[in-house]
Amino acid sequence: MNIDHFKPAIVYTIYIASTPEKIWEALTTAEFSRKYFSGNAVEVDLKIGGAYVMRSPDGSVHISGEVIECVSPRRLTVTFNVNWPALIEKLGPTLVTYEIEPAGDVVKLTLIQSHDRPISDDILSGGRQGWPAILSSLKSLLETGEALIIKMAPPQQMLEALKQMGIATP
Amino acid sequence: MRKPEFVYVTYIETTPEKLWEALTSSEFSRRYWFNTDVKSDWKVGSPFALVMNGTTTDVGEILEADPPRRLSYTFQHVTNEEARKQQPSKVVFTIEPYGKLVKLTLTHEGFAEGNKHLDGISKGWPAILSSLKSMLESGTALAIPPSALGIEGFA
């Protein structure tokens, strides 16, 4: 898949007292993701073209995609499509990139959510709300051993925008 | 088109009071803010300054101080002549209890047209606030080398 025409819409950087290898493991294994990613389990076949799936706690597929870039433990790009009917048709695919860079004795983790077309602020409010919570919790998990419990509902402005576009949400 | 601004949200396992203290006490800020003192008496209308390793880098005026919920100040970089001529921008910290956690929202806004500091500010705040979170949760701030931020003139 050619990703040259995707542009970053959300960028979130966080510094973590950990190693690139541990952060890579936290981003790619269900054992970790269940703790910091709202109970969701990541399953990824770590090679270009490999499947990427995020399962809800009930086992259903919440997000599905494929691996686009995979340079362990530095860079992982996947398509990251929420499993709502008509979402891809109306909004195009979502691309998520994790960049992992050493910064002295700590690690700089940058999350980039990209799209191949302009996306409204209402739709982007979901990612703008969600990523800081997920990555704050990931940082706590790696630094203190305990993830954060951050309960949140999808932003109302996003749900309304999706509804208006004819995208059904559960 | 979104206004030129930088918004950063993080969730911290702490209390609003401890977070307020960390934002307004040099004893704490030196540990997580690249050895920077935060100087003010934190009263509306009072002067504010950031002093890094003994050099004043930024100045402003307190606009709002509602402990432990909301703090805002004007913000002007003063390390060179060009920066001193620019109109000040505005920093707002919002502290909200979130379950057993605290949600911290930093908004840095009000950049005048042509203000060159938005890029540096966008790179600086994530490092400062990541280190602040570590300090409050684990007791140890992060030792991030300034050069890792990729800000011109900050190394």
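Line by line, the protein sequences are chains A and B. The numbering used here puts the first sequence at residues 1 to 170. The numbering used here puts the second sequence at residues 1001 to 1155. Virtual Cβ for every residue (Gly too), placed ideally from N, Cα, C.
Residue 1072 (chain B) and residue 104 (chain A) have their C-alpha atoms spaced approximately 31 Å apart.
Chain-ordered listing is empty here: chain A has no CB closer than 9 Å to the CB of residue 1051 (chain B), the nearest sitting near 23 Å. Legend: CB atoms of the segment 1050–1069 of chain B lying less than 8 Å from CB atoms of chain A are not found in any residue. For the C-beta of residue 144 (chain A), the chain B residues within less than 7 Å are, from N- to C-terminus, 1137, 1138. When only Cα atoms are considered, residue 1129 (chain B) and residue 1032 (chain B) end up about 8 Å apart. Closest by C-alpha distance to residue 159 (chain A), out of A:133, A:70, A:127, A:135, is A:127. Using a Cβ distance threshold of 8 Å, residue 133 (chain A) and residue 152 (chain A) count as a contacting pair. Interface annotation, residue 1127 (chain B): in contact with chain A, CB-CB separation under 8 Å.
The alpha-carbon separation between residue 1046 (chain B) and residue 1075 (chain B) amounts to approximately 13 Å. Taking 8 Å as the CB threshold, residue 105 (chain A) lines the interface with chain B. The beta carbons of residue 1077 (chain B) and residue 1117 (chain B) sit about 6 Å from each other, so the pair counts as a contact at 8 Å.
Annotation for residue 1074 (chain B): the continuous beta strand (DSSP E) segment containing it runs 1070–1077.
Short of 6 Å from the beta carbon of residue 1059 (chain B), and not among the five residues preceding or following it, lie these beta carbons of its own chain, in chain order: 1049, 1076, 1078. For chain B, the residues of the segment 1–21 of chain A that bring a beta carbon within less than 9 Å of one of its beta carbons are 11, 12, 13, 14, 15, 16, 17, in chain order.
If you draw a straight line from the Cα of residue 73 (chain A) to the Cα of residue 1043 (chain B), it is about 47 Å long. Sequence-distant partners of residue 27 (chain A) (beyond 5 residues in either direction) whose C-beta falls short of 7 Å from its own C-beta, in its chain, are 76, 98. Within the model, the alpha-carbon separation for residue 1023 (chain B) versus residue 1065 (chain B) is close to 12 Å.
The C-alpha of residue 1094 (chain B) lies about 13 Å from the C-alpha of residue 1063 (chain B). Of the residues A:54, A:47, A:25, the one whose Cα lies closest to the Cα of residue 37 (chain A) is A:54. C-alpha of residue 92 (chain A) to C-alpha of residue 1085 (chain B): approximately 45 Å in a straight line.
Here residue 143 (chain A) is near residue 1138 (chain B), since their CB atoms are less than 8 Å apart. Beta-bridge partners of residue 1116 (chain B) (DSSP): none assigned.
Residue 115 (chain A) is classed as buried because its beta carbon has at least 16 other beta carbons within 10 Å across all chains shown. Relative to residue 149 (chain A), the option among A:140, A:157, A:2, A:156 whose CA is nearest is A:140.
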